[in-house]
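Residue numbers (the numbering used here), protein chains in the order written: chain A, 28 to 526; chain B, 3 to 105.
Glycine included, every Cβ here is placed at the ideal spot set by N, Cα and C.
Following: one structure in structure tokens, then a few remarks.
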Amino acid sequence: MDQILNSLHYIKPEISAAIALSVLVIIDLIMGKNKKYLSIVMILGLLATTYFIIEQFGNSSFAFNSDSSKFGLLAVDSFGSFFKLLIILSSLIVVLFSITSYEIKKAKERLGEYYSLIWGMIIGMFFLVMSADLIVIYLALELLSLSSYVLAGITKDTLRNSEASLKYVIYGGVSSGIMLFGISILFGNTGTTNIYEINALFQTQQLQGLVVTLSALLIFAGIGFKISAAPFHFWTPDVYEGAPITITAYLSVASKAAGFALLLRFTKVTLIDSINTDGSWNLISLIDWKTFLIIISILTMTLGNFAALWQNNLKRLLAYSSIAHAGYILLGLIALSNEGLMAVMIYFVIYAIMNLGAFFVVMLIANKTGSEELDDYRGLGKVAPLLTVSLAIFLISLTGLPPTAGFIAKLYIFLALINSKMIIVAFIALLNTVVSLYYYVRVLKYMFLDKSEKEIAPIKINFANSILLIVLLIPTILLGIYFTPLVEFAKNSIALLGF
Amino acid sequence: MINITLYHYLIVSSVLFCLGIFGVITRKNAIMVLMGIELILNAANINFVAFARYGNFGNSGQLAALFVIILAAAEAAIAMAIVLNIYKTFTNINIDEIDTLKD
């Protein structure tokens, strides 16, 4: 009991999020049909939670230990805090999107549920990035998933919306079930669900190699679903296209970040054997994990990039592009060194900004034209210069061309790869970037070079939205030129508890 | 009288797991697919309890199974709500016919 009370101050951000969720639900009940203040309550809750995350930064300890063990259920460290900060900031931006989103406005009577479910996702992701126990991983993953299944179909008024949530719940249910089966086998072979204890067992005694490998692969299947890595990416295009665009943006950034944080922690903590003098990690040699991850990563980015080539819906195109980006981010893990870890974190910050920005512009255009089809983007360059130019910058950054931030993100990934002597993999990734240039630039061609057959009304956006757009635009360009603070910040946050 | 060992439980759970996967892949009705998912979760549950009982791992296996039962119920509730919504919009729940989103 004392142990539980002592650990409570380690989960202040989560407690703050849970209180904010309850307050939101109560205010929604009291206010009845008046939904004006919900967004403000939501933003205040997010800011309070941000404060507690920043306060917690730099802590390094286990929380909720059992009496007999020195390892706990949660690992509070700066790695987790970094991802929590990323998640909360993208939540803030997505809530700001939701205020103007036409799709969300139409489903106004469900705004209370919408925001509460976003809180549900946030709490799930928070526990996911700091979990050090397989059962906590499963619980947090389900909390995240269950909220996002409903959010994918929250507006209910279009066919594609309902379809997205059905596909999401079926694929998600299967993959989390498979993951749970893997967890149960790993539990049976080690007698514990704590990943630190499992690692200690790996190092000291010979375990049933085949069975343990199988269970680790099953767990990877569950994580692979969350980060939409091939071959578990089939849900991504359909769900991303069908879900409301704010939720698409949120899934592609925050939920993916949480999935990657879990993957990095699980790989490093559970499977590590020893650390070489040059800083690279040796993984437990059950199977060749490196080759396995290289195959997954190259498959993911190639499938994503090539499928994106013939997409005519911008939301679907960005869905495939986010699959491709998951492939690039996996390259950082393949480097199997702290340098690669740092590259992943830098990539995620930049990816979050530019991807949210791209989705924001698509949302603002869809608010007016009611469509995300590329055909409707013809000639938009003349009537909406600010929107189209910012979309162009975000897309160039997603390609990874200098002087945008996307270049720096890719640069660090490639540097990490080259330093761990994987030139061929880096070369394949580079070729993939060239392929991706085609479909990103194709959007620019539609906007600026093609002429519209019909007359299009000028698209005006209000002052607040242009400010938000510029706030997203500035780091996209600035981080491409002046990136030292971001690199320093990532370098200071790579400390995983115990290593 | 056969002596029930850990292996008997593991065989039952593996069979359940395979049946679950088989159901998910072959069934067209969304409800049947969800039942397949339940089978997978229950296979894991049998594993947890059997390992905890025969491996002398204390209560942790039973506790894990309890958590999984609760989550399976929550997941079933949410999935049913989504299927109901699908039935209202598409008037059928055959997952092969729900394909407005395609390349």
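Using a Cβ cut-off of 7 Å, pull out every chain A residue sitting near residue i, in sequence order please.
i	result
ILE84 (chain B)	TYR176, GLY180, SER192, LEU193, VAL196
PHE24 (chain B)	The premise fails here: PHE24 (chain B) is roughly 12 Å from chain A at the closest Cβ pair, so nothing lies under 7 Å.
VAL17 (chain B)	Per Cβ cutoff of 7 Å: no residues; VAL17 (chain B) is ~13 Å from chain A at best.
VAL35 (chain B)	ILE197
Using a cut-off of 7 Å between C-beta atoms, extract the partners of residue i located in chain B.
i	result
LEU207 (chain A)	LEU43, ALA46, VAL70
THR218 (chain A)	Rather than Thr, the amino acid found at residue 218 (chain A) in this sequence is Gly. The contacting residues are GLY57, PHE59.
Is the beta carbon of residue i less than 8 Å from the beta carbon of residue j?
i	j	result
TYR465 (chain A)	LEU336 (chain A)	yes
LEU2 (chain A)	ILE88 (chain B)	With chain A covering only 28 through 526, there is no way to say anything about residue 2 (chain A).
VAL121 (chain A)	ALA276 (chain A)	yes
GLY269 (chain A)	PHE259 (chain A)	no
THR220 (chain A)	PHE214 (chain A)	yes
PHE124 (chain A)	MET381 (chain A)	no
GLU190 (chain A)	THR102 (chain B)	yes
ALA102 (chain A)	ALA159 (chain A)	yes
VAL371 (chain A)	ILE361 (chain A)	no
VAL280 (chain A)	ALA179 (chain A)	no
LEU2 (chain A)	VAL468 (chain A)	Nothing about residue 2 (chain A) can be read from this structure; chain A reaches only from 28 to 526.
LEU425 (chain A)	SER348 (chain A)	yes
LEU313 (chain A)	VAL388 (chain A)	no
SER175 (chain A)	MET148 (chain A)	yes
SER520 (chain A)	SER105 (chain A)	yes
LEU193 (chain A)	ILE84 (chain B)	yes
GLY99 (chain A)	PHE59 (chain B)	no
LYS295 (chain A)	ILE254 (chain A)	no
LEU422 (chain A)	ALA385 (chain A)	yes
PHE441 (chain A)	ALA432 (chain A)	no
ILE150 (chain A)	ALA44 (chain A)	yes
GLU40 (chain B)	ALA74 (chain B)	yes
ILE225 (chain A)	THR273 (chain A)	no
GLU399 (chain A)	ASN492 (chain A)	no
Would you identify the three-state DSSP class for residue i, choosing helix, strand or coil?
i	result
ALA248 (chain A)	helix
PHE91 (chain A)	strand
ILE181 (chain A)	coil
GLY99 (chain A)	strand
TRP146 (chain A)	helix
ILE483 (chain A)	coil
LEU310 (chain A)	strand
GLU399 (chain A)	coil
ILE302 (chain A)	strand
SER108 (chain A)	helix
ASN221 (chain A)	strand
ASP55 (chain A)	helix
ASN158 (chain A)	The question names Asn, but residue 158 (chain A) in the sequence shown is Ser. Here SER158 (chain A) sits in strand by DSSP.
ASN86 (chain A)	coil
ASN61 (chain A)	coil
ASN96 (chain B)	strand
SER447 (chain A)	coil
SER463 (chain A)	helix
SER16 (chain B)	helix
List, in order along the chain, the chain B residues whose C-beta lies closer than 9 Å to that of residue i?
i	result
LYS183 (chain A)	ASN87, LYS90, THR91
GLU130 (chain A)	Going along chain B, no residue has its Cβ under 9 Å from GLU130 (chain A), so there is no contact; the nearest lies around 16 Å.
SER189 (chain A)	ILE84, ASN87, ILE88, LYS90, THR91, PHE92, ILE100
ALA297 (chain A)	Sequence inspection shows Thr at residue 297 (chain A); the Ala mentioned does not correspond to that position. Residues of chain B passing the Cβ test: none, with the nearest at roughly 17 Å.
Anything in chain B within Cβ reach of residue i, meaning under 8 Å, just list it in chain order.
i	result
GLY139 (chain A)	Residues of chain B passing the Cβ test: none, with the nearest at roughly 17 Å.
LEU186 (chain A)	THR91, PHE92, THR102
GLU400 (chain A)	Under the 8 Å cutoff, chain B gives no residues; its nearest Cβ is about 13 Å from GLU400 (chain A).
What does residue i touch in chain A if you count any residue whose Cβ is under 9 Å from its own?
i	result
LEU21 (chain B)	Correct list: empty, because the minimum Cβ distance to chain A is about 12 Å.
For residue i, which residues in chain A fall below 8 Å Cβ to Cβ?
i	result
ASN49 (chain B)	PHE208, SER211, ILE212, PHE214, GLY215
ALA76 (chain B)	GLU169, LEU173
ILE80 (chain B)	LEU173, TYR176, VAL177, VAL196
ILE117 (chain B)	Residue coverage of chain B in this structure runs from 3 to 105, which leaves residue 117 (chain B) outside it and unanswerable.
Check whether the stretch 121-141 of chain A touches the stretch 96-113 of chain A, taking contact to mean three or more Cβ pairs, one atom from each stretch, closer than 8 Å. Contact between the stretch 121-141 of chain A and the stretch 96-113 of chain A is absent, because fewer than three Cβ pairs lie under 8 Å.
Is the stretch 470-477 of chain A close to the stretch 443-460 of chain A, with three or more CB pairs under 8 Å? Using a C-beta cut-off of 8 Å, the stretch 470-477 of chain A makes no contact with the stretch 443-460 of chain A, since fewer than three inter-stretch Cβ pairs fall below that distance.
With a cut-off of 8 Å, do at least 3 Cβ pairs link the stretch 360-378 of chain A to the stretch 329-346 of chain A? No: fewer than three Cβ pairs fall under 8 Å.
Would the stretch 139-155 of chain A and the stretch 62-74 of chain A be scored as touching if the rule is three or more Cβ pairs under 8 Å? Because the criterion of three Cβ pairs below 8 Å is met, the stretch 139-155 of chain A and the stretch 62-74 of chain A touch.
Name the residues in the stretch 232-264 of chain A whose C-beta lies less than 8 Å from a C-beta of chain B; which are they? Identification of residues in the stretch 232-264 of chain A having a C-beta nearer than 8 Å to some C-beta of chain B yields PRO264, given in sequence order.
Do the stretch 31-42 of chain B and the stretch 65-73 of chain B meet, that is, are 3 or more Cβ pairs less than 8 Å apart? At 8 Å Cβ cutoff, the stretches do not touch.
Report the residues of the stretch 159-176 of chain A with a CB closer than 7 Å to any CB of chain B, ordered along the chain. If the cut-off is 7 Å between Cβ atoms, the stretch 159-176 of chain A has ILE162, LEU166, GLU169, LEU173, TYR176 near chain B.
Under 8 Å: do the stretch 33-53 of chain B and the stretch 201-212 of chain A share three or more Cβ pairs, one atom per stretch? Short answer: they touch.
Would you check if the stretch 392-401 of chain A and the stretch 126-133 of chain A touch, i.e. whether three or more CB-CB distances between them fall below 8 Å? Result yes; three or more Cβ-Cβ pairs closer than 8 Å.
If contact means a Cβ-Cβ distance below 8 Å, which residues of the stretch 265-295 of chain A contact chain B? The stretch 265-295 of chain A vs chain B, Cβ under 8 Å: ASP265, GLU268, GLY269.
Per the contact definition of three or more C-beta pairs closer than 8 Å, is the stretch 37-47 of chain A in contact with the stretch 74-94 of chain A? Yes, the stretch 74-94 of chain A is in contact with the stretch 37-47 of chain A.
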